[in-house]
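Everything in the sequence shown is counted per my numbering, starting at 390 for the first residue and increasing by one.
C-beta: ideal position from N, C-alpha, C; glycine also.
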Amino acid sequence: MSISIPIEYDLNLLVNPGRCSCARSGCYPNRGVDAASHPTKGYVTFLAGSGDYVKGVVGLAKGLRKVKSAYPLVVAILPDVPEEHREILRSQGCIVKEIEPIYPPENQIQFAMAYYVINYSKLRIWNFEEYSKMVYLDADIQVYENIDHLLDTPDGYFYAVMDCFCEKTWSHSPQYSIGYCQQCPDRVKWPAEMGSPPPLYFNAGMFVFEPSKVTYDNLLETLVITPPTPFAEQDFLNMFFQPIYKPIPLVYNLVLAMLWRHPENVELEKVKVVHYCAAGSKPWRYTGEEANMDREDIKMLVKKWWDVYNDESLDFKGEDGVAGEEAFSKPSIMASMPEPAVSYIPAPSAA
Numbered sequence: 390m391s392i393s394i395p396i397e398y399d400l401n402l403l404v405n406p407g408r409c410s411c412a413r414s415g416c417y418p419n420r421g422v423d424a425a426s427h428p429t430k431g432y433v434t435f436l437a438g439s440g441d442y443v444k445g446v447v448g449l450a451k452g453l454r455k456v457k458s459a460y461p462l463v464v465a466i467l468p469d470v471p472e473e474h475r476e477i478l479r480s481q482g483c484i485v486k487e488i489e490p491i492y493p494p495e496n497q498i499q500f501a502m503a504y505y506v507i508n509y510s511k512l513r514i515w516n517f518e519e520y521s522k523m524v525y526l527d528a529d530i531q532v533y534e535n536i537d538h539l540l541d542t543p544d545g546y547f548y549a550v551m552d553c554f555c556e557k558t559w560s561h562s563p564q565y566s567i568g569y570c571q572q573c574p575d576r577v578k579w580p581a582e583m584g585s586p587p588p589l590y591f592n593a594g595m596f597v598f599e600p601s602k603v604t605y606d607n608l609l610e611t612l613v614i615t616p617p618t619p620f621a622e623q624d625f626l627n628m629f630f631q632p633i634y635k636p637i638p639l640v641y642n643l644v645l646a647m648l649w650r651h652p653e654n655v656e657l658e659k660v661k662v663v664h665y666c667a668a669g670s671k672p673w674r675y676t677g678e679e680a681n682m683d684r685e686d687i688k689m690l691v692k693k694w695w696d697v698y699n700d701e702s703l704d705f706k707g708e709d710g711v712a713g714e715e716a717f718s719k720p721s722i723m724a725s726m727p728e729p730a731v732s733y734i735p736a737p738s739a740a
């Protein structure tokens with residue numbers, strides 16, 4: 390028997406920014422002060438190594454400026470990020486915070502991607518208690534519309550977009566083996582003989598969370614006794630936050646494979662956040678040769694990323710042009726927070 394779980398994506402029920410008619414000048418009546426003067430909320434991303442992902446972070450910083458976000462971008466970096474890359478990030482107004490790596494318990498598990506092992510280090514961001522709430526964004530994400538209203542969602546929940554089970558990286562799972570996907574639960578229903586359907590599962594490339602030392606300590610204590618699984622920290626976060634997980638519309642994290650896996654669920658013109666995680670889709674590495682990369686919508690989205698990255702008018706323009714490390718610089722943007730869009734999509738079910 391299938392059990393339907395309705396999920397309403399009405400962001401008017403999730404947020405109530407309380408803006409007045411002067412919102413476009415950066416006034417936030419509910420907060421009593423200009424949000425950018427005392428940024429207790431913010432965006433955060435993660436960077437490791439000396440590779441080219443620093444380009445993704447630069448693009449993200451410029452993208453947040455383009456959409457006039459009122460909040461800073463914090464970059465949690467591992468010690469192996471070279472000073473040259475740190476300077477690039479500071480010059481783009483980022484707040485650079487070095488963190489120590491976290492490794493999972495030793496195990497023979499083969500991760501879906503070898504580099505996933507370093508992603509456990511992202512757990513350190515729960516220790517950023519100077520912020521009351523943050524939006525985490527992977528470095529291969531770009532923001533095309535203002536999403537500051539997500540930082541006003543009710544406390545006590547973990548917000549993220551549901552993932553898709555149709556990619557081959559899910560071949561280890563029972564979902565993939567029977568063709569079940571939570572993005573289209575009625576296409577292939579969960580068989581009764583397989584027991585209860587799996588809980589809703591989110592993609593951890595973007596999520597809204599509340600830093601907390603208590604939560605941070607619990608995460609690390611739980612990690613020590615939790616065997617690693619193929620999707621590394623994403624599986625772990627799903628397990629840990631399952632009781633308080635609240636799905637939000639896929640416009641807040643469009644995984645590019647959705648364009649060909651579930652086109653019926655995508656309204657591209659309404660998408661606010663694009664996740665360039667499909668093989669071959671990283672704009673700074675794009676050749677168009679990999680599977681599905683010759684699609685016109687992919688070409689358009691890659692060009693859209695480059696338009697932001699190459700726009701010199703979006704470069705950080707602080708008084709000294711450099712943001713401090715582990716200290717606030719001049720805020721990256723002082724601007725408005727648009728009315729949250731009201732989005733409705735067919736309510737998925739758990740089976």
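Query                                                                                                                                                                          : Result
So, for LEU436: in the same chain, excluding its five sequence neighbours on each side, which residues have a beta-carbon less than 7 Å away from its beta-carbon?             : TYR442, VAL443, VAL446, VAL464, ILE466, VAL470 and ALA528
Taking GLU487 as the reference, which of TRP673, PRO586, VAL433 and LYS455 has the closest Cα?                                                                                 : VAL433
Does ASN516 have its Cβ less than 9 Å from a Cβ in chain D?                                                                                                                    : As a matter of chain content, chain D is missing from the structure shown, which is built from one protein chain.
Could you give the C-beta distance for TYR590 and MET647, rounded to a whole number, given that I count them as a contact under 8 Å?                                           : That pair is no contact at about 15 Å.
State the Cα-Cα distance for the pair ARG650 and LEU643, rounded to the nearest angstrom.                                                                                      : 12 Å
DSSP three-state label for PHE620, please.                                                                                                                                     : coil
Any chance the region 697-709 sits against the region 471-478, with 3 or more Cβ pairs inside 8 Å?                                                                             : no
Measuring CB to CB, does SER510 end up less than 9 Å from PRO494?                                                                                                              : no
If contact is defined by three or more beta carbon pairs under 8 Å, each pair taking one atom from either stretch, is the region 516-530 in contact with the region 578-588?   : no
Please return the same chain residues whose Cβ sits closer than 6 Å to the Cβ of LEU741, not counting the five positions on each side in sequence.                             : Residue 741 lies beyond the stretch modelled for the chain, which goes from 390 to 740, so this question has no answer here.
Based on DSSP bridge pairs, tell me the residues matched to ILE530.                                                                                                            : HIS664
Mind checking whether GLN531 and GLY452 have CB atoms under 9 Å apart?                                                                                                         : yes
Count the other C-beta atoms from every protein chain shown that fall within 10 angstroms of the C-beta of ASP683, then say buried if there are 16 or more, exposed otherwise. : exposed
With a floor of 3 residues, list each beta strand (DSSP E) that falls wholly inside the region 416-494, ordered by position along the chain.                                   : 430-436, 462-466 and 484-487
Got a sec? Which residues, its chain only, sit under 6 Å from MET689 by beta carbon, not counting five neighbours each side?                                                   : none
What is the rounded straight-line gap between the Cα of PHE629 and the Cα of CYS553?                                                                                           : 19 Å
Let me know if SER439 comes out buried or exposed under the rule of 16 or more other beta-carbons within 10 Å of its beta-carbon.                                              : exposed
Which same chain residues, not among the five before or five after VAL613, have their C-beta less than 7 Å away from its C-beta?                                               : PRO494
Would you list the residues sitting across from LYS522 in a DSSP beta bridge?                                                                                                  : LYS430
Exposed or buried, which one is PRO461 when buried takes at least 16 other CB atoms within 10 Å?                                                                               : buried
Enumerated in chain order, which unbroken segments of the beta strand (DSSP E) with a length of 3 residues or greater are wholly contained in the region 597-658?              : 634-636
Using a 10 Å radius around the Cβ and a threshold of 16 neighbouring Cβ atoms, would you call ALA593 buried or exposed?                                                        : buried
Have a look at GLU599 and GLY677 and give me their C-alpha separation to the nearest angstrom.                                                                                 : 38 Å
VAL691 and SER670 - do their beta-carbons sit closer together than 9 Å?                                                                                                        : yes
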